[in-house]
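Those protein sequences? They're chains A and B, same order as listed.
Residues 1 to 327 in this note's numbering are what the first sequence spells out, letter by letter.
Residues 328 to 620 in this note's numbering are what the second sequence spells out, letter by letter.
Cβ atoms here follow ideal geometry from the backbone N, Cα and C, with glycine treated the same way.
Values in this document were obtained by computation on a predicted structure and should not be read as measured data.
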Amino acid sequence: MADEHTTAGGPPVQEPLIETPSSEGRLTRFYDHIRREWQIYLMLLPTIIWFLVFLYKPMYGLQIAFKDYSIFRGVAGSPWVGFEHFETLFSNDQFLRAIGNTIKISALNLIFGFPAPIILALMFNEVLHASYKRTAQTIVYLPHFISSVIIAGIVITAFSPTAGIVNTVMGWFGLDPVYFLTQPQWFRPIFVGTGIWQEAGFGSIVFLAAIAGVNPSLYESAVVDGANRWQMMWKITIPSILPTILIMLIIRIGNVMEVSFELVILLYQPATYETADVVNTWIYRQGLQSGQYDLAAAGGLFNAFVAFVLVMTANTLSRRFSRTSLW
Amino acid sequence: MMKWNLYSRGDKFFAIVVSILIGMFTVATLYPFIYIAAVSFSSGFAAQAGRVVLTPIEATWEAYGYILTDPQFWISYRNTFIYTIGGTIMSMLFIIPGAYALSRPQLKGRRFFNLFIAFTMWFNAGLIPFFLNMRDLGLLDSMFGIILAFAVNAFNIILLRNFFEAIPQSFEEAARMDGANDFQVLWKVFVPLSKPAIATITLFCIVSRWNGFFWAMVLLQSEEKIPLQVFLRHTIANLSDDDEFAIVQTAAGFSAETVTAAIIVCSIIPVLIVYPFIQKYFEKGILLGGVKE
Chain A
1 MADEHTTAGG PPVQEPLIET PSSEGRLTRF YDHIRREWQI YLMLLPTIIW FLVFLYKPMY
61 GLQIAFKDYS IFRGVAGSPW VGFEHFETLF SNDQFLRAIG NTIKISALNL IFGFPAPIIL
121 ALMFNEVLHA SYKRTAQTIV YLPHFISSVI IAGIVITAFS PTAGIVNTVM GWFGLDPVYF
181 LTQPQWFRPI FVGTGIWQEA GFGSIVFLAA IAGVNPSLYE SAVVDGANRW QMMWKITIPS
241 ILPTILIMLI IRIGNVMEVS FELVILLYQP ATYETADVVN TWIYRQGLQS GQYDLAAAGG
301 LFNAFVAFVL VMTANTLSRR FSRTSLW
Chain B
328 MMKWNLYSRG DKFFAIVVSI LIGMFTVATL YPFIYIAAVS FSSGFAAQAG RVVLTPIEAT
388 WEAYGYILTD PQFWISYRNT FIYTIGGTIM SMLFIIPGAY ALSRPQLKGR RFFNLFIAFT
448 MWFNAGLIPF FLNMRDLGLL DSMFGIILAF AVNAFNIILL RNFFEAIPQS FEEAARMDGA
508 NDFQVLWKVF VPLSKPAIAT ITLFCIVSRW NGFFWAMVLL QSEEKIPLQV FLRHTIANLS
568 DDDEFAIVQT AAGFSAETVT AAIIVCSIIP VLIVYPFIQK YFEKGILLGG VKE
């Protein structure tokens with residue numbers, strides 16, 4: 001089979017003999033196919049090359065997780081060290097702390113961040129005044145499109161100890177100013193709260209679409225039975241959008257290792273590493289700032305492996321419970 | 328409002344309470360932006376003392392004067408436009424033909440190619456190998472490197488491929504009768520019919536390019552190449568612990584807070600300008616995003 005492919009692109013061995021069912025016939029048929037359809041292969045080629053160069057070649061480079069990598073010897077030339085880096089990782093308090101922080105932040109995101117867009121969508125569904133609803137939606141979708149640098153800039157300004165609005169308001173109630181961003185116990189509430197502020201509105205779109213898909217006759221017959229809006233929300237709307245809720249929940253669980261580390265980098269500081277440092281920020285400091293590429297790559301491989309297992313499990317669960325897998 | 332009259336007293340009460348809650352959430356979403364705008368127009372003293380709540384205190388343009396006369400601000404603003412426009416065009420050059428090829432039933436190895444692309448959604452090598460690869464390719468501190476290396480992602484290709492697959496064959500057949508080849512079919516039939524999907528992907532590309540920060544920070548060293556987001560980050564990080572700046576500002580009437588706020592306002596304005604136009608697309612787009620392999 002392999003020979004067929006390597007010779008197929010070359011010049012024809014003989015004139016096409018479509019009737020002959022021999023291997024040569026297949027070969028010429030393949031040649032004919034390429035000659036007829038070369039355009040679609042040409043269109044696909046740049047994309048395939050791009051994936052090879054920018055996504056698959058780094059996967060080959062991932063082997064440095066098992067090597068004593070040096071810049072001068074390169075990926076292929078560096079000597080193998082087996083699982084040494086992984087042993088270092090799992091005896092490294094900072095790495096273990098980063099795993100713990102990642103899971104804790106994700107858990108908070110799940111508990112507080114996941115229900116927020118659902119509640120918001122259910123509430124939007126009850127607003128009758130169309131232009132009021134439209135305006136509110138336009139505004140709450142907006143923060144999704146704002147970069148994390150700006151979000152961090154807003155948070156830093158608002159929570160600043162002397163100048164920030166949060167401390168100003170606390171001052172009105174006679175509370176002492178707090179330098180929030182230097183105190184480990186405040187990092188997670190601020191981080192998760194910022195996430196909700198930024199994404200709850202945009203996240204409600206999916207649930208609003210699910211609500212729009214609910215069969216209107218269900219509501220009509222509920223009205224005939226004398227149900228009120230509150231009852232309809234619990235008895236019709238929520239059960240109807242349950243599959244969507246489940247799928248979104250599963251996607252969330254699949255992404256547990258993916259805390260938006262860009263925002264963490266922008267908001268944390270050494271004083272708050274204790275609660276703020278996540279796996280990707282640890283990799284960033286260890287690898288890109290301190291140049292311990294091999295150890296950091298091992299951390300990244302571990303993270304990617306856990307994420308891969310989680311996503312696959314999530315999809316299997318989704319397939320089982322909702323008969324609608326993600327792919 | 329017909330429905331309103333049919334509502335019972337309890338339902339009316341419920342609807343009013345919900346509307347008020349929505350209003351509160353909307354105000355909470357909007358307030359930080361208003362606050363930042365107010366800070367940006369306040370005097371440095373007022374901002375530092377935490378006296379700004381809703382409107383500018385001791386209103387002044389000083390912070391904007393400081394930012395808008397900084398040549399680095401304009402350089403990075405220009406760069407952000409280059410990355411956004413160049414990057415989006417680059418994405419389209421890969422994604423549109425690639426998605427078309429993958430949507431063709433006659434493509435041999437189609438299953439393999441689809442898996443080849445989708446696999447990168449579930450597993451990627453991570454920060455370090457990606458960075459080392461960029462270095463090996465000689466794309467560190469390269470504007471072209473930034474534009475090329477983030478041009479494609481599996482999600483966008485699959486989204487567009489699904490859209491292409493749903494186009495009825497009859498459209499294509501008519502063009503084939505006229506002797507159109509694949510490039511012509513793509514350009515004259517598929518692209519015009521897929522405007523909503525292409526608009527959505529363009530939107531995703533523009534937003535991610537405009538906001539792109541992390542890799543620009545890691546990969547770019549030259550000041551003349553950095554985008555606005557990196558400049559903004561540098562400014563925020565430097566102003567707050569720059570003693571020299573602290574002395575200059577007091578005399579000039581601005582502070583680290585007002586300058587930071589002014590840059591935030593300047594970099595949000597383009598987003599606010601295009602936002603109303605893109606809104607109709609992202610609502611559709613997110614629903615197209617029900618990606619299946």
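Could you tell me the alpha carbon to alpha carbon distance between residue i and residue j, rounded to whole angstroms?
i, j, result
"A/Pro11", "A/Gln63", "Residue placement at A/Pro11 is flagged as unreliable, the pLDDT there being 45, under the threshold of 50; the coordinate-derived value follows with that caveat. C-alpha separation (whole angstroms): 39 Å."
"B/Phe609", "B/Leu530", "8 Å"
"B/Ser369", "B/Tyr362", "11 Å"
"B/Val598", "B/Trp388", "22 Å"
"A/Val169", "A/Pro243", "42 Å"
"A/Val311", "A/Arg285", "26 Å"
"B/Ser346", "A/Thr237", "18 Å"
"A/Leu108", "A/Phe180", "18 Å"
"A/Trp230", "A/Val264", "39 Å"
"A/Asn125", "A/Ala210", "11 Å"
"B/Tyr410", "B/Asn332", "54 Å"
"B/Arg488", "A/Leu42", "16 Å"
"B/Leu520", "A/Glu37", "22 Å"
"B/Ala365", "B/Phe372", "13 Å"
"B/Lys565", "B/Trp514", "The question names Lys, but residue 565 of chain B in the sequence shown is Asn. In a straight line, the C-alpha of B/Asn565 is about 49 Å away from that of B/Trp514."
"B/Val601", "B/Phe408", "14 Å"
"A/Thr138", "B/Gln606", "8 Å"
"A/Ile111", "A/Val214", "26 Å"
"A/Val13", "B/Asp509", "Its pLDDT being 47, under 50, A/Val13 is placed unreliably in this model, and the value from its coordinates should be taken loosely. Near 27 Å, if we compare the C-alpha coordinates of B/Asp509 and A/Val13."
"A/Gln289", "B/Phe458", "12 Å"
"B/Arg431", "B/Arg438", "11 Å"
"B/Ala588", "A/Gly153", "8 Å"
"A/Pro189", "B/Met417", "39 Å"
"A/Leu317", "B/Gly392", "57 Å"
"A/Gln292", "B/Pro456", "12 Å"
"B/Met351", "B/Ala583", "30 Å"
Just curious, the alpha helix (DSSP H) that residue i is in, first and last residue?
i, result
"A/Met233", "No alpha helix (DSSP H) contains A/Met233, which DSSP labels as neither H nor E."
"B/Glu499", "496-504"
"A/Ile99", "93-108"
"A/Asn167", "165-172"
"B/Met448", "437-449"
"B/Ser418", "398-430"
"A/Val155", "148-158"
"B/Arg336", "336-367"
"B/Met544", "541-546"
"B/Lys522", "522-538"
Identify the residues that DSSP records as bridge partners of residue i: which are they?
i, result
"A/Lys67", "A/Trp80"
Judging by CA-CA distance, which residue of the options is the nearest neighbour of residue i?
i, options, result
"B/Phe581", "B/Leu467, B/Ile525, B/Ile394, B/Pro554", "B/Ile394"
"B/Ser549", "B/Gln496, B/Asp505, B/Val379, B/Ile402", "B/Ile402"
"B/Phe443", "A/Ala209, A/Gln292, A/Leu288, A/Thr47", "A/Thr47"
"A/Met123", "A/Gly195, A/Ala200, A/Gly74, A/Glu87", "A/Ala200"
"A/Phe83", "A/Arg73, A/Gly77, A/Asp68", "A/Asp68"
"A/Ile49", "B/Gly425, B/Met351, B/Gly436", "B/Gly425"
"B/Val380", "A/Leu295, A/Gly171, A/Thr316", "A/Gly171"
"B/Ile422", "B/Ala478, B/Ile591, B/Asn441", "B/Ala478"
"B/Pro523", "B/Gly539, B/Ser367, B/Leu486", "B/Leu486"
"B/Ile494", "B/Tyr427, B/Ile591, B/Phe360", "B/Tyr427"
"B/Asn406", "B/Trp537, B/Ala376, B/Phe604, B/Lys435", "B/Trp537"
"A/Lys133", "A/Ala121, A/Pro239, A/Thr194", "A/Ala121"
Return yes when the Cβ of residue j is within less than 7 Å of the Cβ of residue i, no when it is not.
i, j, result
"A/Glu262", "B/Phe541", "yes"
"A/Val166", "A/Ala158", "yes"
"B/Glu499", "B/Val516", "yes"
"B/Ala390", "B/Val586", "yes"
"B/Cys593", "B/Thr415", "no"
"A/Phe30", "A/Ala298", "no"
"B/Ile553", "B/Leu546", "no"
"B/Ala355", "A/Ala163", "no"
"B/Trp449", "A/Phe308", "yes"
"B/Ile349", "A/Ala212", "no"
"A/Pro117", "A/Ser260", "no"
"A/Ile253", "A/Ala314", "yes"
"B/Asn460", "A/Gly61", "yes"
"B/Gly413", "B/Ile474", "yes"
"A/Val278", "A/Thr102", "yes"
"B/Ala502", "B/Val512", "yes"
Compare the C-beta of residue i with all C-beta atoms of chain C and state if any pair is closer than 7 Å.
i, result
"B/Thr382", "Reference to chain C is not applicable here, since the protein chains of this structure are A and B."
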